Amino acid sequence: MSQEKQPYYKAGFRTNSEEHQINDLPVRGEIPRWLQGRLIRNGPGMVEVDKPMRHWFDGLAMLHQFHISDGKVSYRSRYIDCEAYRTAKESGKITYSDFATDPCRSLFQKVQTVFDPAPKITDSAKVNIDQIDGKAFALGEPLMQVEFDPETLESVGVFHYGKKPGNRMTTAHPHQDNGQAYNLVVQYGPVNYYKIYGMVGEVKEVASIPVMEPAYLHSFGMSERYFIIAEFPLVVQSVKLLLRLRPFIENFQWKGNRGTRFFIIDRQTGKLKATIKTEAFFSFHHVNAFENGHELSVDLAAYPDAGIIHEYYLNRLEQKDKELPFGRMERFVFDLDKKQLKERKILSEACIELPHIDYEQYHGQSAYRYVYGCGIHPDNRQEFYNQLVKIDVQTGQHLYWHEPGLYPGEGVFVPYPDRKAEDEGLLLSVVLDVNKGQSFLLVLEAQTMKEKARAYLPHTILFGYHGAFFKQLL
Ligand SMILES: [Fe+2]
439 MSQEKQPYYK AGFRTNSEEH QINDLPVRGE IPRWLQGRLI RNGPGMVEVD
489 KPMRHWFDGL AMLHQFHISD GKVSYRSRYI DCEAYRTAKE SGKITYSDFA
539 TDPCRSLFQK VQTVFDPAPK ITDSAKVNID QIDGKAFALG EPLMQVEFDP
589 ETLESVGVFH YGKKPGNRMT TAHPHQDNGQ AYNLVVQYGP VNYYKIYGMV
639 GEVKEVASIP VMEPAYLHSF GMSERYFIIA EFPLVVQSVK LLLRLRPFIE
689 NFQWKGNRGT RFFIIDRQTG KLKATIKTEA FFSFHHVNAF ENGHELSVDL
739 AAYPDAGIIH EYYLNRLEQK DKELPFGRME RFVFDLDKKQ LKERKILSEA
789 CIELPHIDYE QYHGQSAYRY VYGCGIHPDN RQEFYNQLVK IDVQTGQHLY
839 WHEPGLYPGE GVFVPYPDRK AEDEGLLLSV VLDVNKGQSF LLVLEAQTMK
889 EKARAYLPHT ILFGYHGAFF KQLL
């Protein structure tokens, strides 16, 4: 592809391999003094080693910290110190398998794999950040989550779910309630299982569902009484994963005629309350779930199929005329007495991905109204995510923040200390400014989606995925 045909936002997919520490970033506008804490973001920091990575979900994890105090902002970035990073640095080669990129292997090594099925899956946990049991974790989909120091960003150690990771994957989107954290684990083998684990204290299996062909699952749902696993028909024969002849995601196949199955699991007993089939669709992100008597509502950012995964290959993203499929907020309402789908509805026509709610106060609450996320502006449709959206799921209306040439990442909501309305707070996002060749921390007023301030870095940051705001040090 010639240089001039590449889209301007390509800087968001190019390695910026330096680790930085910068005090007192220049601030335009005013950051409210009550906002004290650290926005920490996760995502790929290095996407070229001996060869370029192939997909937006590949790369070696880098943490970015924006420390906000008394209206000032300082910045620090560090790679997650893990085996995949260390060996890449020492050998100059990709040595661990990633989402859609494998190390270069000879035919002999591929044959060897058949006799030595233990895959070297990356331990570079680059998808999300969460605070679990008083500790900060970088979370990825392999079953190794990396604890880090939220002040220095130094890696502390690796958390396993009781046993060695083996042939299991998890999600980077655990749920929390009443001091316990839960996550979904997919276990591959002669029999495959979806398992829910409690992660605080002694790691404990709370539910287990055997399946023939497991699906690629990026998140799961939880309401007051239920876990919800939406099993999209992007499925794998697990022997293909155990042999690892292809990169992880390329072993999965879309089987649309299977439909999507919702497994609704009683949180108290771990037993299946209902299995309900719907038309096929795909989603990365459950957004919220709540109950109303015998009805259960499950909200997701949904796509008609899993084509979005293909669209995130870097050679696709760098084509100027491509259009990303829209993710849309959809609600599935289940009648748990009749064990059937009562209603499926689109909550908004606005494109949304990387959805975020005020989880602490409004997760599991039927009264919740607002979802924040990245979207694509209709006037600049042939681009990567170029606006922040706020969707009112009760009215279907949305507000947005968009400026040509700016590409925002996930918006993280931080409520006012004395807020009364759900959306009284700030939305924090890291934005790539392609005209300046710099990224900046953006502070929006969440109620209006109007800008309050921005703090520029002297360099660009790769497009990441998820992050969290730590109000104070742990
Ligand atoms: Fe995610």
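Counting the sequence shown from 1 gives a position; our numbering is that position plus 438.
We treat Cβ as the ideally placed atom computed from N, Cα and C, and that holds for glycine.
Remember, it's a predicted structure, so these values are computed and weren't measured experimentally.
Would residue i be called buried (16 or more neighbouring beta carbons within 10 Å of its own) or exposed?
i           : result
residue 598 : exposed
residue 498 : buried
residue 494 : buried
residue 836 : buried
residue 776 : exposed
residue 784 : exposed
residue 623 : buried
residue 669 : buried
residue 786 : buried
residue 552 : Here residue 552 scores only 48 on pLDDT, less than 50, and its place in the model is too uncertain to base an answer on.
residue 825 : buried
residue 578 : buried
residue 460 : exposed
Roughly how many angstroms lie between the CA atoms of residue i and residue j, to the nearest whole one?
i           : j           : result
residue 688 : residue 512 : 40 Å
residue 557 : residue 680 : With a pLDDT of 48 at residue 557, under the threshold of 50, the predicted position of this residue should be treated as unreliable, and no value is reported.
residue 671 : residue 766 : 18 Å
residue 519 : residue 638 : 24 Å
residue 726 : residue 651 : 26 Å
residue 565 : residue 697 : 27 Å
residue 878 : residue 869 : 5 Å
residue 476 : residue 695 : 46 Å
residue 788 : residue 764 : 8 Å
residue 757 : residue 450 : 14 Å
residue 902 : residue 482 : 6 Å
residue 827 : residue 732 : 32 Å
residue 830 : residue 808 : 5 Å
residue 771 : residue 800 : 18 Å
residue 816 : residue 617 : 42 Å
residue 509 : residue 728 : 37 Å
residue 841 : residue 678 : 45 Å
residue 748 : residue 690 : 12 Å
residue 560 : residue 833 : 42 Å
residue 485 : residue 586 : 22 Å
residue 897 : residue 876 : 5 Å
residue 843 : residue 673 : 37 Å
residue 734 : residue 716 : 15 Å
residue 442 : residue 538 : Unreliable placement is indicated for residue 442, whose pLDDT of 45 sits below 50; no coordinate value is reported for it.
residue 818 : residue 447 : 12 Å
residue 474 : residue 490 : 38 Å
residue 575 : residue 584 : 5 Å
residue 755 : residue 856 : 42 Å
Nearest to residue i by CA position, among the options, is which residue?
i           : options            : result
residue 872 : 861, 866, 899      : 899
residue 666 : 657, 610, 674      : 657
residue 722 : 703, 734, 710, 745 : 745
residue 805 : 483, 640, 704, 859 : 859
residue 571 : 612, 862, 683, 559 : 612
residue 714 : 876, 826, 592, 773 : 773
residue 580 : 816, 459, 605, 642 : 605
residue 588 : 829, 653, 514      : 514
residue 724 : 743, 742, 749, 791 : 791
residue 740 : 751, 719, 753      : 719
residue 683 : 631, 489, 535, 630 : 535
residue 636 : 620, 866, 781      : 620
residue 527 : 642, 455, 861      : 455
residue 794 : 813, 838, 780, 848 : 848
residue 906 : 803, 583, 568      : 568
residue 686 : 615, 541, 822      : 541
residue 525 : 507, 460, 488      : 488
residue 664 : 818, 591, 704, 626 : 704
residue 646 : 909, 462, 630, 470 : 630
residue 492 : 574, 709, 452, 446 : 452
residue 649 : 608, 659, 625      : 625
Return yes when at least one heavy atom of ligand 3 lies under 6 Å from the C-beta of residue i, else no.
i           : result
residue 611 : Annotation note on ligand 3: not contained in the displayed structure, which lists ligand 1 as its ligands.
TODO: Measuring from each Cβ to the nearest heavy atom of ligand 1, keep the ones under 6 Å and list them in chain order.
DONE: Residues flagged by the Cβ proximity filter: 565, 610, 611, 656, 722, 723, 903, 904.
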